[in-house]
Amino acid sequence: GIQVEQSPPDLILQEGANSTLRCNFSDSVNNLQWFHQNPWGQLINLFYIPSGTKQNGRLSATTVATERYSLLYISSSQTTDSGVYFCAENNAGNMLTFGGGTRLMVKP
Amino acid sequence: EADIYQTPRYLVIGTGKKITLECSQTMGHDKMYWYQQDPGMELHLIHYSYGVNSTEKGDLSSESTVSRIRTEHFPLTLESARPSHTSQYLCASSEFVYTEAFFGQGTRLTVV
Numbered sequence: 002g003i004q005v006e007q008s009p010p011d012l013i014l015q016e017g018a019n020s021t022l023r024c025n026f027s028d029s030v031n032n033l034q035w036f037h038q039n040p041w042g043q044l045i046n047l048f049y050i051p052s053g054t055k056q057n058g059r060l061s062a063t064t065v066a067t068e069r070y071s072l073l074y075i076s077s078s079q080t081t082d083s084g085v086y087f088c089a090e091n092n093a094g095n096m097l098t099f100g101g102g103t104r105l106m107v108k109p
Numbered sequence: 141e142a143d144i145y146q147t148p149r150y151l152v153i154g155t156g157k158k159i160t161l162e163c164s165q166t167m168g169h170d171k172m173y174w175y176q177q178d179p180g181m182e183l184h185l186i187h188y189s190y191g192v193n194s195t196e197k198g199d200l201s202s203e204s205t206v207s208r209i210r211t212e213h214f215p216l217t218l219e220s221a222r223p224s225h226t227s228q229y230l231c232a233s234s235e236f237v238y239t240e241a242f243f244g245q246g247t248r249l250t251v252v
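Chain order of the listed sequences is A and B. Note that the first sequence covers residues 2 to 109 in this note's numbering. Note that the second sequence covers residues 141 to 252 in this note's numbering.
In structure tokens:
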């Protein structure tokens with residue numbers, strides 16, 4: 002089946018620092034999404050990005066479908082950025098397959 | 141802004157009870173999903189639906205059942221809850237197969 006791997010699994014940053022989260026997937030991509038799971042468990046959509054680059058404020062994402070990876074950039078991190086970041090990929094037509102997540106803690 | 145709602149948000153229930161977790165969306169999406177997630181871990185698909193009267197099992201075996209009588213409603217039922225069912229359950233929907241999926245706020249279930 003499809004494999005989605007995220008790195009690093011855990012990340013601790015000082016407020017104001019920048020970071021890059023990576024998502025590798027094993028097959029061609031039709032749908033690639035990045036989510037932020039807040040401390041209350043809710044999944045917040047960050048990007049729908051099967052290819053190319055998108056930016057939203059301090060966050061941006063790039064997917065290189067031919068090389069089967071996607072990157073999420075967080076600039077000038079804030080404590081509210083803490084939580085778990087998931088990427089998820091859909092190419093089987095019936096489900097989003099999630100990676101294991103990156104647990105981010107931003108310290109003040 | 142996604143319009144997909146789950147109730148209850150939190151549920152503590154005794155072993156052997158029957159429970160139904162509700163999920164509703166107002167976006168007219170045909171595809172709906174249920175995922176199960178242990179705290180801090182990845183999400184696993186347990187059920188999905190392509191539309192009314194369509195239900196399929198996901199890649200993670202589950203003792204729960206689902207129904208899809210109306211486009212907007214996709215409830216999940218456990219006939220006899222057990223402590224092993226303790227988890228977070230997340231409902232999602234998307235317009236088409238490969239389009240953006242949106243998640244509800246989740247239901248945290250604890251079976252004692």
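All C-beta atoms in this analysis are idealised placements derived from N, C-alpha and C, irrespective of residue type, glycine included. Being a predicted model, the structure only gives us computed values, none of them experimental.
| Asked | Found |
| --- | --- |
| If the cut is a Cβ gap below 7 Å, which residues of chain A does B:Q176 touch? | The contacting residues do not exist; B:Q176 stays about 11 Å from chain A at best. |
| Does the Cβ of B:Y150 have 16 or more other Cβ atoms within 10 Å, making it buried, or fewer, making it exposed? | exposed |
| Mind listing the chain B neighbours of A:G102? Cutoff is C-beta to C-beta under 7 Å, in chain order. | E182 |
| So A:S192 packs on A:L105, CB below 8 Å; how close in whole Å? | The first residue shown for chain A is 2 and the last is 109, placing residue 192 of chain A beyond what the model contains. |
| Cα separation between A:L152 and B:E219? | No statement about residue 152 of chain A is possible, as the shown extent of chain A runs from 2 to 109 and does not include it. |
| Could you pull out every residue in the same chain whose Cβ sits closer than 6 Å to the Cβ of A:L44, ignoring the five residues on either side in sequence? | F36, Q38 |
| According to DSSP, what are the bridge partners of B:H184? | B:Q176 |
| For the beta strand (DSSP E) that B:Y150 lies in, which residues bound it at each end? | 150-153 |
| Give me, in chain order, the residues of the same chain whose beta-carbon lies closer than 6 Å to that of B:G156; leave out the 5 immediate sequence neighbours on both sides. | S220 |
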